[in-house]
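To keep things clear, I will list the structure first and then write my remarks on it.
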Amino acid sequence: MWRCPLCQQPLHPSMRTWRCENRHAFDEAKSGYLNLLPVQNKKSRQPGDDKNMVNARRQFHDAKGYQPLMAALAEIIQKHYSGQSDIRLFDAGCGEGSYLGYIVQALKGAELNVNASGCDIAKYAVDLAAKRYKNCHFAVASSAHLPLDDSSQDVVLQVFAPGSNTEYQRVIAPGGLLIAVDPAENHLWSIKQAIYDNPRQHKVEFAERGGFSQLIEQRLSFMVDLSDPQTRQGLLEMTPYYWRLPQDEAQVRFADIQQVEANFVVHVWQREHS
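Here the sequence shown stands for residues 3 to 276, where the numbers follow the working numbering.
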C-alpha cells in the first residue's frame, strides 16, 4: 500500500524497515508509524498542529464530544458497502487518530473487515495515533503528496483537513468514496461570539470535484454539552480562537458558555470509472 515519497515506487516491509526497488529505506518508529515526509516537503521544522492542540483534541474526543459526527460517517460507509466483506479505508489528515479508530470499531461491529490507515504532517499526532490504534497503519506524510499506491483505497476521509483532489483521483479506486467534512455556517457560534465583536459565519464551499460524482450532501447539527471539564477544556484548547486571547481573559469570556453548537456539512463523492 505505502509507496516511496522519493521515487513513488512501492514500499515493501522487511522486519521493521520498508524499502523500494531504488533502495530508499524507511524505518518504523517504536510506536509503529512510518515517517514518509521528505525534508523538502516540510514548510517548517515541526509542521502541523502543535502538542497543545493535539493533546486537546485527544482529550475532547475521549470525552466523546463529536461522537455523533463519527457515528454518522461510519453509517455512511456501512450503508454504501453493505454486503461486502472488506474495505480499504484511509484518513487523510488523521490527527491523533480518533475518527479512524472509532469508525473502524463501528464497521467491525457491523461485520465489515477494514484495512485502515491514515497520515498527518504532525509527527506528534501520528505517534499518538500509532500508540493507541494498533489495528491501523499510520504515516507522517502530506495530504498533498499521499504515500499511497494508485487505486489502493475504497474510502478516503478528509475531516477538517486540506487535501488534493488530484491525489484523491489517483489513490481512490473507481467506484470508491471520498467523504469530506467541513464546518457549516454556525459551527461553534457561541464561542465565536464570546471572542469577536463582529463574528462571521463559516463560508461553506460547494465546488465540483473533477473525476467524482456527488452522492450526498448532509447537514449535521447537535449541541455539545460543556458542563464536563474534560469536554469543555478540550474543545476550547483545540480551537484557534482560544489561543488568540490571554489565558485569564479566555477563561472569563468562556465562563458562561455551558453548551455550544456543532454544525457540519458532509459531502460524499464517488470516484468515476475512467
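For each residue, glycine too, the CB sits at the ideal point set by N, CA and C.
- Shown here, I218 sits in a strand according to DSSP, grouped into three states.
- V56: member of the alpha helix (DSSP H) spanning 53 to 64, first to last residue.
- Boundaries for S16: no alpha helix (DSSP H) harbours it, while the beta strand (DSSP E) harbouring it runs 14 to 16, taken from the DSSP string.
- Per DSSP, reduced to three states, the secondary structure at A132 is helical.
- With contacts defined by Cβ atoms closer than 8 Å, F92 and V158 form a contacting pair.
- In summary, T233 is buried, with 16 or more beta-carbon neighbours lying within 10 Å of its beta-carbon over all protein chains present.
- For D93, the pairing in a beta bridge is given by DSSP as G120, L159.
- A straight-line Cα-Cα distance of about 45 Å links K66 and N24.
- If you draw a straight line from the Cα of A132 to the Cα of C138, it comes to about 7 Å.
- Looking at the backbone, the Cα of S153 and that of V56 are separated by about 30 Å.
- Here A146 is exposed: its Cβ has fewer than 16 other Cβ atoms, across all protein chains shown, within 10 Å.
- Looking at the backbone, the Cα of L237 and that of A252 are separated by about 13 Å.
- By a beta-carbon distance limit of 8 Å, Y35 contacts V142. Their separation comes to about 7 Å.
- Pairing L109 with A74 gives a Cβ-Cβ distance that is not under 8 Å.
- Counting every other CB atom within 10 Å of its CB across the protein chains shown gives Q155 a total of 16 or more, marking it as buried.
- Annotated as proximal: Q216 and H269, with beta-carbon spacing under 8 Å.
- DSSP links H275 through a beta bridge to no other residue.
- Look at H269 here: in three-state DSSP terms it is strand.
- Counting the other Cβ atoms within 10 Å of the Cβ of E113 gives fewer than 16, which makes it exposed.
- In the three-state scheme derived from DSSP, where H, G and I count as helix and E and B as strand, H139 is classed as strand.
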